[in-house]
Structures are given as C-alpha cells and as structure tokens.
Amino acid sequence: MSILRKSRRAIRKIIFGDTLLPHGVRLGFVEPQTEVAVWLHGMGAPLDVTHRHSMACADPLTVCIAFDKGQSPGEQNLRRLSLRFCEHNGKRRVLGEIFLRPTRSIPVGSKLFLFEARSSRNYCLPRARLWAHDLLRAYTNWRRVDASALKMSLGGMRAMTVMFIRPHPVVLVSHASDAGGNIFPMNLMGDLGNGYFAFALVDSREAAIGVERARRIALSSLPLPHAAVAFQLAPNHFRQSIDWSRLAFATRASATFRIPVPAFAQRVREMEIAHTCKLGSHKFFIARIVSDKNFTRCEVLHLVDGIYQAWRLKDRGTELQAPLAADSLDKRRACTS
Numbered sequence: 007m008s009i010l011r012k013s014r015r016a017i018r019k020i021i022f023g024d025t026l027l028p029h030g031v032r033l034g035f036v037e038p039q040t041e042v043a044v045w046l047h048g049m050g051a052p053l054d055v056t057h058r059h060s061m062a063c064a065d066p067l068t069v070c071i072a073f074d075k076g077q078s079p080g081e082q083n084l085r086r087l088s089l090r091f092c093e094h095n096g097k098r099r100v101l102g103e104i105f106l107r108p109t110r111s112i113p114v115g116s117k118l119f120l121f122e123a124r125s126s127r128n129y130c131l132p133r134a135r136l137w138a139h140d141l142l143r144a145y146t147n148w149r150r151v152d153a154s155a156l157k158m159s160l161g162g163m164r165a166m167t168v169m170f171i172r173p174h175p176v177v178l179v180s181h182a183s184d185a186g187g188n189i190f191p192m193n194l195m196g197d198l199g200n201g202y203f204a205f206a207l208v209d210s211r212e213a214a215i216g217v218e219r220a221r222r223i224a225l226s227s228l229p230l231p232h233a234a235v236a237f238q239l240a241p242n243h244f245r246q247s248i249d250w251s252r253l254a255f256a257t258r259a260s261a262t263f264r265i266p267v268p269a270f271a272q273r274v275r276e277m278e279i280a281h282t283c284k285l286g287s288h289k290f291f292i293a294r295i296v297s298d299k300n301f302t303r304c305e306v307l308h309l310v311d312g313i314y315q316a317w318r319l320k321d322r323g324t325e326l327q328a329p330l331a332a333d334s335l336d337k338r339r340a341c342t343s
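Laid out in structure tokens, this is it:
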C-alpha cells in the first residue's frame with residue numbers, strides 16, 4: 007500500500023472512526039420490529055406512531071402520519087409537532103428527532119396528515135462527526151453522474167439518516183395483468199392502521215407507473231437468507247414488465263388476486279390502491295389491505311442507516327463487520343447474476 011493511501015486511511019480513521027458505513031445496512035428482525043419506537047410530540051401526551059406512519063417522499067422529505075378519530079392535532083398543534091426515535095427497551099434514549107411542517111391532509115381511512123421535515127437532529131454521534139458525515143454525503147451527492155440517481159438536499163439527507171434509525175423492512179412488490187407484470191424491491195413504506203398501508207416510489211420510474219396502472223399488488227417479506235434477491239431485482243424499477251419464467255426462484259399465486267409471489271416469502275399482503283398523489287420526487291400510494299398471510303416466523307430483511315448501526319454496535323467492532331460483509335457479498339452476486 008502506498009504512503010499516500012495509508013495517509014488517507016489514517017486521516018479518514020481520525021475523522022470518522024468506525025462510523026463510515028453505508029446508508030443502508032442490512033439486518034434481520036422478526037416483524038414487527040421492537041428495537042426502535044417512534045413517538046409524536048407536541049400535542050399533549052406523546053403518541054406512539056411506530057406503526058402509524060410512513061415516508062411519503064424523499065425530496066422534499068415528507069412523512070405521512072395516521073390519526074384515529076378524535077386524535078387529529080388542532081391548528082394550534084400542527085406547527086410544533088416532532089417525531090422522536092427512541093430505544094424501545096433499555097434506557098429508552100432519544101436517538102433522533104425530526105421537526106415537522108404540515109402540508110396537507112388526506113381523507114382516506116383514518117385522518118392522514120402529510121408533513122415535510124423542516125429540520126432534524128441525530129443524537130447517535132457527536133456533532134463534529136455528524137458534520138463530517140454531512141460534508142461527505144453532500145460531496146458524494148454532488149459528484150453523482152447517474153441521471154437516474156435521486157439527489158437530495160443536505161437537510162433532506164440529514165432527516166433521512168434519522169428516519170432510518172427505525173429499521174425499515176424490505177419487501178418485494180409484484181403485480182400482474184394482461185398488459186404484463188413486474189416484481190421489484192421497496193423500503194419506503196409503513197402501516198397506517200385500520201387496514202391501510204402506504205408506500206412511495208420514485209415518480210419517474212416504471213415501477214410507479216406499473217403499480218398505478220395495475221391498482222392491485224402483493225407485498226412479500228424477505229427472509230434474511232434471501233436478501234440477495236432484493237439487490238438482483240432492483241433494476242426492475244426501470245422496466246415496464248418482466249418475463250416471470252426467467253426469475254431465479256420459484257413463485258406461487260397469491261391467495262386473492264393470484265399475483266405471482268416468491269415461494270420463499272415469509273409473509274404476503276395483498277392490497278388495492280385507494281389513493282395516489284405526486285409529492286416532489288415520489289408518487290405516494292395509500293392502499294387498502296385485502297389479505298395478510300404469514301407462512302413462517304423468522305427474521306426478515308430490514309435496512310438501517312449506517313450512523314445508527316455504528317451507534318448500536320459501538321465498542322463491538324468485530325460485530326460491525328458481519329452485516330457489512332454479507333451486504334457486500336449480496337451486491338457482488340447481484341452484479342454477476
């Protein structure tokens with residue numbers, strides 16, 4: 007190794023320590039995850055919205071929160087709300103916070119409100135080290151030459167690292183019709199309660215167009231040993247349809263809509279699209295759950311932000327390497343498949 011390369015590594019080690027990890031670190035959790043709780047503050051007693059919210063858009067970063075009848079915030083509360091991401095057990099420390107700005111409401115199912123992130127705080131790292139991460143992310147974002155890559159504002163990137171403190175499950179979305187079908191991975195999503203579910207797809211990509219046209223979809227949870235499939239199917243976001251016979255795994259028909267889903271799926275939820283709207287970079291979908299079938303109980307694929315992963319494994323450096331090595335192997339397999 008050259009002296010210059012050694013010097014760069016030493017400088018990087020001083021600046022970032024062991025915290026320079028990918029944005030999406032793969033982990034396995036039994037659903038629903040119980041490691042991180044999300045609380046809504048600013049309207050009296052904190053409200054647990056861990057399973058009542060979803061990301062609706064990445065740029066600007068927008069969150070959808072569902073309220074039951076009689077829970078909706080009044081006008082005096084709307085502009086002082088924040089989401090706090092906390093340890094579910096142990097010391098229940100606050101790990102991050104996103105301060106919200108209301109944009110609109112959606113009268114579907116429960117009362118749904120959309121909020122943009124006006125600022126955020128990440129408590130997983132010292133402030134100086136967070137600034138170093140901010141600068142690196144901004145530089146990397148500026149250097150991107152891929153026209154299809156999503157470029158976010160610095161404030162949006164900061165808020166995204168907080169959003170991904172809560173482990174986000176990764177599912178495979180599939181749809182099929184006479185016009186064709188598709189299957190692709192997705193992780194910007196969340197339960198809204200009362201039989202409704204929400205998710206977001208990049209507006210300009212074929213995946214969003216196909217879902218809006220099909221109106222009926224199936225979501226398949228991925229057992230952790232099959233995590234590589236998510237990387238292999240990522241290019242399908244840019245395809246109108248696929249040849250189901252060329253998939254590298256067996257499929258079966260979903261219970262109600264008879265949509266092809268992976269035979270290894272741990273859980274399959276079938277949904278009908280009830281509402282769509284365009285929000286900046288993403289198309290936001292609200293769906294009604296038609297059926298929900300669990301086939302096994304096992305750890306399924308989730309993603310967390312690298313900053314949170316560094317926090318949860320600080321002083322346990324050897325444990326940090328296992329999920330990173332598995333992630334790298336999955337990506338190499340996807341590139342050669």
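Going by this note's numbering, the letters in the sequence shown line up with residues 7 to 343, in that order.
Glycine included, each C-beta is placed from N, C-alpha and C at the ideal position.
Residue of the options minimising C-alpha distance to residue i
i: A269; options: R15, V44, E103 and L253; result: L253
i: F237; options: R15, V31, R18 and T146; result: V31
i: F290; options: A51, V114, L53 and L136; result: V114
i: N193; options: G199, R110, S183 and H243; result: H243
i: I313; options: K97, A123, L89 and P132; result: P132
i: G199; options: V55, W45, N95 and F22; result: V55
i: F91; options: S78, F105, R85 and Q82; result: F105
i: P229; options: P266, K75 and R273; result: R273
i: I295; options: F203, D74, D65 and S260; result: F203
i: V177; options: A138, A64 and A240; result: A240
i: P79; options: M49, A134 and L89; result: M49
i: L53; options: G201, S210 and L89; result: L89
i: L67; options: Q315, S287, L319 and S297; result: S287
Bridge partner(s) assigned by DSSP for residue i
i: C304; result: C304 pairs with nothing; no bridge assigned.
i: K117; result: F73 and P113
i: M166; result: Paired residues: none, contrary to the question.
i: G199; result: Y202
i: G102; result: F91 and N128
Three-state class that DSSP yields for residue i in the structure shown
i: R221; result: coil
i: L160; result: helix
i: D184; result: coil
i: H59; result: strand
i: I21; result: helix
i: I171; result: coil
i: H94; result: coil
i: R294; result: strand
i: I9; result: helix
i: S251; result: helix
i: P229; result: strand
Run of the alpha helix (DSSP H) containing residue i, from where it starts to where it stops
i: H29; result: It is not in any alpha helix (DSSP H) - H29 carries neither H nor E in the DSSP assignment.
i: I313; result: G312 to R318
i: H139; result: R133 to R149
i: E81; result: E81 to L84
The beta strand (DSSP E) enclosing residue i, as first and last residue numbers
i: L239; result: Note, L239: premise wrong, no beta strand (DSSP E); alpha helix (DSSP H) at A234 to L239.
i: L285; result: R273 to L285
i: R258; result: T257 to A259
i: V44; result: V42 to H47
i: P66; result: P66 -> no beta strand (DSSP E), and no H or E assigned at all.
i: V267; result: P266 to P268
- Contact the segment 214-227 vs the segment 159-170: 3+ CB pairs below 8 Å: no
- Message: Three or more C-beta pairs under 8 Å: does that hold for the segment 301-310 against the segment 170-190?
- Response: yes
- Item | Contact between the segment 250-266 and the segment 210-218 (3+ Cβ pairs under 8 Å) | no
- Task: State whether the segment 40-50 contacts the segment 182-190, with contact taken as three or more CB pairs (one from each stretch) at a distance under 8 Å.
- Result: no
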